[in-house]
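Numbered per the working numbering, the sequence shown finishes at 92, counting up by one with no gaps.
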Amino acid sequence: EENGFGLTEKQFALHNAQQMVLSGFTGKGINVAVIDAGFTNADVIPQFGDVNLAGVRSFVPEGDIFASSDHGTKVFSTMAANLPGVMVGSA
């Protein structure tokens, strides 16, 4: 049966997080801070279309937070991705 979690199905099962989603919890109204090396293309990736980026900051002089590293994008996706059937974040 298709549950909509896509690539994140194992991640949800590991933490039993699917119960939150199936119970209607969406993370709406919750603020989450992600501090990482960079967020390559996080500002244009369709899976993040519903995310409201309240602010960004590069701690590297003249650094481009959306081009410097993809590690933050990967971490961010585990929380904020929203493309049902492909990848859904748990926050």
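For each residue, glycine too, the CB sits at the ideal point set by N, CA and C.
Residue from the options with nearest C-alpha to residue i
i	options	result
residue 61	54, 38 and 78	38
residue 51	59, 30 and 16	30
residue 67	10, 44 and 23	44
residue 49	81, 5 and 12	81
residue 22	63, 59, 9 and 32	9
residue 47	6, 59 and 85	85
Neighbour-count burial assignment, residue i, 16 or more Cβ in a 10 Å radius
i	result
residue 2	A caution first: residue 2 carries a pLDDT of 44, below 50, which makes its placement in the model too unreliable to give a value.
residue 56	exposed
residue 78	buried
residue 25	exposed
residue 89	buried
Cβ separation of residue i and residue j, assumed to be a contact under 8 Å, to the nearest whole Å
i	j	result
residue 41	residue 71	4 Å
residue 19	residue 4	7 Å
residue 73	residue 35	6 Å
Residue i beta carbon near the ligand ATP (any heavy atom closer than 7 Å)
i	result
residue 91	This structure lacks the ligand ATP; in fact it carries no ligand of any kind.
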